[in-house]
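Novice: Residue numbers (the UniProt record's numbering): 1 to 385.
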Amino acid sequence: MPPLENRSLSATQCGPENLDPVVEIRQRKEPTSLNGKHVNLFTSDEVSKHDNAKDCWVIHNDFVYNVTDFIEKHPGGAELILNHAGKDISNLFDDFNFHNHSSAAHSMLRDYRVGKLKNFKNEAHHIPDEFSMDGWMEDQVDWNKGMVCQVHKFGSQYMKWCNSPVDRKLRLFDSDFIEFFTKTPWYMIPIIWIPVIIILSYFSIRELYTTISHADNVQNTDSTYVATATLFSYLFWFCLGAPVWTLVEYLLHRFLFHLEPNDSPYLITFHFFLHGQHHKVPFDNNRLVFPPVAAAVLAYTLYFPFTRSIPGGYGLAMFAGGVLGYVFYDLIHYYLHHGSPERDSYLHSLKHYHVLHHFDDHSTGYGISTKFWDYPFSTVNKKVT
Numbered sequence: 001m002p003p004l005e006n007r008s009l010s011a012t013q014c015g016p017e018n019l020d021p022v023v024e025i026r027q028r029k030e031p032t033s034l035n036g037k038h039v040n041l042f043t044s045d046e047v048s049k050h051d052n053a054k055d056c057w058v059i060h061n062d063f064v065y066n067v068t069d070f071i072e073k074h075p076g077g078a079e080l081i082l083n084h085a086g087k088d089i090s091n092l093f094d095d096f097n098f099h100n101h102s103s104a105a106h107s108m109l110r111d112y113r114v115g116k117l118k119n120f121k122n123e124a125h126h127i128p129d130e131f132s133m134d135g136w137m138e139d140q141v142d143w144n145k146g147m148v149c150q151v152h153k154f155g156s157q158y159m160k161w162c163n164s165p166v167d168r169k170l171r172l173f174d175s176d177f178i179e180f181f182t183k184t185p186w187y188m189i190p191i192i193w194i195p196v197i198i199i200l201s202y203f204s205i206r207e208l209y210t211t212i213s214h215a216d217n218v219q220n221t222d223s224t225y226v227a228t229a230t231l232f233s234y235l236f237w238f239c240l241g242a243p244v245w246t247l248v249e250y251l252l253h254r255f256l257f258h259l260e261p262n263d264s265p266y267l268i269t270f271h272f273f274l275h276g277q278h279h280k281v282p283f284d285n286n287r288l289v290f291p292p293v294a295a296a297v298l299a300y301t302l303y304f305p306f307t308r309s310i311p312g313g314y315g316l317a318m319f320a321g322g323v324l325g326y327v328f329y330d331l332i333h334y335y336l337h338h339g340s341p342e343r344d345s346y347l348h349s350l351k352h353y354h355v356l357h358h359f360d361d362h363s364t365g366y367g368i369s370t371k372f373w374d375y376p377f378s379t380v381n382k383k384v385t
């Protein structure tokens, strides 16, 4: 998340060359001082004019926030914010019966602050500094440089820093060439992996046909029977691959991605590269799906256990189905962070569940595409009934 002074409608961009109706309102404000810092003042009527998806402001505890860029990222969905655009959300935001916003939510909101209400009551309502996202050891790293070679500096404090999310873009490597391969738009997942599934399926069907045609009980049998048996065998094992993937997904997320490093610089770097980066910048849309190179390494590692333990084309068919399960997993994960599912829908419940994993308790809610495996493994978030 770029600092406030670099974002649209910021005070530093309100010069004469940038005048427009919105900026003009900002420029008219007479700055006042709060805790030694200048802030812009707005009236409630002025804030109320910013009431749509392209220009959305809200009031919380007498502070004014421009949340336009956050609407689509909101864990509760865009509609919830738009229903209160231009209004005071203090009671709603702080209502524990409606939703218990975490300290991370408070600190994220603070990043979008653009000013204060005119004639605000007092300073007792301001968000405590302890919720600041940019104030806890962020001076230890340079966000303009590759983070992979910096995170080891945190040592025993790494996990605390990693689990203090920020809404900003992340750079992993100083090399532009290497950095290119660490960013993956969501649409690259089906583009790359659907052809792989087709190829795996082709070789699986060929191997299944050979296996079935050479079986003792079907030798010299009509080829139509062999083809039919091959097709049904493929479909059965392929469809079995998707639910098997959900278990693999759970195990990887819990026991590999969330394996906390000790003070070792190498383990800290590995953890951040593998999964820690996602918890640090959960809204970076280029880092929500697995980069193809990393996914290929993981797929290659899982390929042999599947095909060697279940030979004859059966394991290969299951593996192909598992890859399809992975594709759905990655797309669902992206949607949970950037989509706005309809309230009371299954995807909305998954989104809420994943929000709890990020912002409430990192040691629960490991399931992404399904909550199922969290129940037998007793890792369901306590706030889920």
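Yeah, the Cβ is synthetic: ideal placement off N, Cα and C, and Gly gets one too.
What number of angstroms, rounded off, separates the C-alpha of I368 from the C-alpha of N144?
Specialist: Approximately 31 Å, taken between the alpha carbons.
Novice: Taking the alpha-carbon of F359 as reference, which of A295, T269, D167 has the nearest alpha-carbon?
Specialist: Among A295, T269, D167, the Cα nearest to that of F359 is on D167.
Novice: Can you tell me whether H214 is buried or exposed? The criterion is at least 16 other CB atoms within 10 Å of its CB, across all chains shown.
Specialist: Classification of H214: exposed, given that the 10 Å Cβ count is below 16.
Novice: Our contact map puts A242 next to L324 with C-beta atoms below 8 Å; I'd like the distance itself, whole angstroms only.
Specialist: Indeed, because the Cβ distance is near 6 Å, the residues count as touching under 8 Å.
Novice: So, helix, strand or coil for R171, using DSSP?
Specialist: DSSP places R171 in coil when its eight states are reduced to three.
Novice: Under a three-way DSSP split, which group does G313 fall into?
Specialist: If DSSP states are grouped into helix, strand and coil, G313 belongs with coil.
Novice: Can we say the segment 197 to 206 touches the segment 316 to 332, given the rule of at least three CB pairs closer than 8 Å?
Specialist: Judged by Cβ distances under 8 Å, the segment 197 to 206 makes contact with the segment 316 to 332, as three or more pairs qualify.
Novice: What separation, rounded to the nearest whole angstrom, lies between the Cα atoms of T182 and K73?
Specialist: Cα to Cα, the separation comes out at about 21 Å.
Novice: Count Cβ pairs between the segment 39 to 52 and the segment 68 to 85 that sit closer than 8 Å; are there 3 or more?
Specialist: Segments in contact, yes.
Novice: Which term fits R308, buried or exposed, when burial requires 16 or more other beta carbons within 10 angstroms of its beta carbon?
Specialist: R308 comes out exposed.
Novice: For D174, is the classification buried or exposed, using 16 other Cβ atoms within 10 angstroms of its Cβ as the cut-off for buried?
Specialist: Counting Cβ neighbours within 10 Å, D174 comes out exposed, since fewer than 16 surround it.
Novice: Kindly indicate which three-state DSSP category Y112 falls into: helix, strand or coil?
Specialist: Coil.
Novice: Should V281 and L356 be called a contact, given that it needs their Cβ atoms to be closer than 9 Å?
Specialist: Going by C-beta atoms, V281 is not nearer than 9 Å to L356.
Novice: Is Y209 helix, strand or coil when you go by DSSP?
Specialist: The answer is helix: DSSP assigns Y209 an H, G or I state.
Novice: Does DSSP classify C162 as helix, strand or coil?
Specialist: Note: C162 maps to helix in three-state DSSP.
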